[in-house]
Amino acid sequence: MGDTMERQPNQSCLFATASGQHGYFTSKQADSCGYSKALLASHARTGRLRRIRRGLYRLRDYPSSPNEDVTAAWLALGRDIAVVSHESALDLLDLSDIIPNAVHLMVPRSKRHLPDLPGVVIHTTTRPIESTDVVVREGIRLTSPTRTILDSAEAGTPPEQVEAAIKQAIARGLVTRAQLIAGACGRSKRVGALVANAIQPIGS
Numbered sequence: 241m242g243d244t245m246e247r248q249p250n251q252s253c254l255f256a257t258a259s260g261q262h263g264y265f266t267s268k269q270a271d272s273c274g275y276s277k278a279l280l281a282s283h284a285r286t287g288r289l290r291r292i293r294r295g296l297y298r299l300r301d302y303p304s305s306p307n308e309d310v311t312a313a314w315l316a317l318g319r320d321i322a323v324v325s326h327e328s329a330l331d332l333l334d335l336s337d338i339i340p341n342a343v344h345l346m347v348p349r350s351k352r353h354l355p356d357l358p359g360v361v362i363h364t365t366t367r368p369i370e371s372t373d374v375v376v377r378e379g380i381r382l383t384s385p386t387r388t389i390l391d392s393a394e395a396g397t398p399p400e401q402v403e404a405a406i407k408q409a410i411a412r413g414l415v416t417r418a419q420l421i422a423g424a425c426g427r428s429k430r431v432g433a434l435v436a437n438a439i440q441p442i443g444s
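Here it is in structure tokens:
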């Protein structure tokens, strides 16, 4: 009979995947758990799953959470190519009291033709997003404290918010003065000035 037997959907697999992502999952992730696109469409029609947008679903009765909009946007853009960045990353890292007016995501410049998403600001970068530039919080990939601070400073986040983030990050041991100074090299004069102003009053 060969390999004609269809894969059986693994509900435990799907739940485990979605649980680490605020109840969301992509059709690609569902496929790895045995859920075909046809089965997902059927479950969405009958209300067993919620279809958020093309390729993105959510468990119907999964409880809401404060950062689920960030998770949904990140997964929709592509969990393997996008990272949460700038003011959204500042918020997730608890380094600022700024309230982002959109979800900020960053992708390599080569991916600049990705479709726009409502409520999402897509930043493109020619600076490599190295493994050391990425951390994981609540199952979400986001830029590291150092990269977040520098990117936010360069993108025009209010100076007082950037300086407050620098001071908090140093006080909490998330970054060092040396890392910030090194990271500011090659950035704009604005970034260098903000870093210098923020770290000067802090004892070494």
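For the sequence shown, our numbering gives the first residue as 241, with consecutive numbering after it.
C-beta atoms are modelled at their ideal positions from N, C-alpha and C, and glycine is treated no differently.
All values derive from a computational prediction rather than experimental measurement.
What are the partner residues of residue i, as DSSP defines its beta bridges?
i      : result
Phe265 : Tyr297
Val343 : Val360
Arg377 : Ile380
Val402 : Its beta-bridge partners do not exist; DSSP assigns none.
Val324 : Leu345, Leu382
Under a three-way DSSP split, which group does residue i fall into?
i      : result
Arg430 : helix
Leu333 : coil
Leu414 : coil
Thr244 : Note that Thr244 scores 45 on pLDDT, short of 50, meaning its location in the model is unreliable and no value can be drawn from it.
Pro348 : strand
Thr365 : strand
Arg288 : coil
Lys407 : helix
Give the C-beta separation of residue i and residue j to the nearest angstrom, bearing in mind that I take them to be a contact with Cβ-Cβ under 8 angstroms.
i      : j      : result
Arg377 : Val323 : Between Val323 and Arg377 the Cβ distance is about 11 angstroms, and since that is not below 8 angstroms, they are no contact.
Leu335 : Gln408 : 5 angstroms
Tyr275 : Arg298 : With a Cβ gap of about 14 angstroms, Tyr275 and Arg298 do not count as contacting.
Please determine if the stretch 385-393 and the stretch 334-346 are in contact, where contact requires at least 3 C-beta pairs separated by less than 8 angstroms.
yes
When the Cβ atoms of the stretch 284-298 are set against those of the stretch 327-337, are three or more pairs found closer than 8 angstroms?
no
With contact counted as at least three CB pairs below 8 angstroms, one residue from each stretch, are the stretch 418-426 and the stretch 348-362 in contact?
no
Is it the case that the stretch 294-306 contacts the stretch 350-365, given that we only count it when at least three CB pairs across the two stretches are under 8 angstroms?
no
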